[in-house]
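Numbering that gives the first Met the number 0 applies: residue 0 is where the sequence shown begins, and numbers increase by one.
Notes to accompany the following structure.
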Amino acid sequence: MTKGPAYRYAPILSIQALCRALGCNEPFLRSLAERASGMYIGPKPMQKKSGGIRFVYDTKHPLKDVLKKVNRVFFKKTHYPTYLTGSLDGRDYSTNAGIHAGATGAITEDISQFFPSITADMVYEIWTKLFRFGHEPAMLLTALTTKDGVVFQGTPTGSYIANLVFWSTEHIVVEKLQSLNIRYSRYVDDVTLSKASTLSLDEKTWAISQIYSMIGAQGFKPKREKHGILSGKGAIKIMGLNANAKVSLPRKERSLIRAKVHALEKRFESGEIDFSFRTELNKVSGVVGKMSRFHKHEASQLRGRINVIRRSIELIPIITIGSQYPRTVLPQDVQN
């Protein structure tokens, strides 16, 4: 039997108990809840992996500090089923793709306007029904974790609430899908279904209807333009990773990483070792690190080539010579 999220600790039934749990006095916590909507920073544009832009928010102190306590005291002590893979300790986009490794067919869905559609009523229900908290502490926690009646992406508690928004129905849908050997995962607002054997047309239609019913019952809508049907005849790409066999980086991305390492070597050989070179070296080292998660042997070879460059330039000082940016002085530049 598939189980959903669970909070297995004693419920908070009074404001006084909530204050003790969070280490705050009651006047401070009530005042903060009243002011919470005015303590947001943003929106800040952030580049999506898909190429689009999402807008995120942060929170000012002391609200931010209290929300981090809410995470530590309540959300981090909550059990999250393995099908939830986004913004949770030890889980990431690779975990999400790994659930679907060896797929011969997959379906991808995206929930439209996900965070702005998470209402204060939904959050209150999470506190009262999943956590079993009393009315007053639930109301106060809802005020602390929402702005103008909705949840905003980027805040300390936002991703945890996003993972719990389907807490009462998602595990039931997952169990239905598993009865047909269909695998399910959700990475915040990205839903993926897959099967190791061929998905028939009837199975696809039924599975999609299950997802649309689940999100529709909570007032969400699918982003129709992001709906995808993937076949094993091509790449089963999930969260930017191939999942046809084991999880791996797409061939094109691996080729691009190799090209970046080669370009660094050419710049180094030509003596173009200014301040920007060191910055680029660190960036390329980062993408090689990403490759190492999926292609250790290939990444190890590239890492060795980068380390040769790094060891060489560490022996060369950087000084500023009458220009806007520092320039690396090569040994041949030094006059005796």
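Every residue, glycine too, gets a C-beta built ideally from N, C-alpha and C.
Per the C-alpha coordinates, the member of I125, P115 and E135 positioned closest to I14 is E135.
L263 sits close to E279, with the two beta carbons spaced by under 8 angstroms.
Counting C-beta atoms within 10 angstroms of its own C-beta, S311 has fewer than 16 neighbours from the protein chains shown and is therefore classed as exposed. One thing to note: T84 has its Cβ within 8 angstroms of the Cβ of N95. Runs of the alpha helix (DSSP H) lying entirely within the segment 55 to 101 and spanning at least 4 residues, in chain order: 62 to 72 and 92 to 97.
Residue environment analysis places N241 among the buried positions, since at least 16 neighbouring C-beta atoms fall within 10 angstroms of its C-beta. According to the DSSP assignment, A105 belongs to the beta strand (DSSP E) that extends over G104 to S111. Residue range L200 to A216 is occupied by the alpha helix (DSSP H) that includes S212. In summary, P4 is buried, with 16 or more beta-carbon neighbours lying within 10 Å of its beta-carbon over all protein chains present. By the Cβ-count criterion, H296 is exposed, with fewer than 16 other Cβ atoms from all chains shown falling within 10 Å of its own Cβ. Nearest Cα to A142 within the set R131, T156 and S86: T156.
Rounded to whole angstroms, E268 and G227 show a C-alpha spacing of 45 angstroms.
Comparing alpha-carbon positions, the option among I160, K289 and I106 lying closest to A234 turns out to be I106. The C-alpha of R257 lies about 18 angstroms from the C-alpha of G239.
With respect to S86, V187 sits close: the two C-beta atoms are nearer than 8 angstroms.
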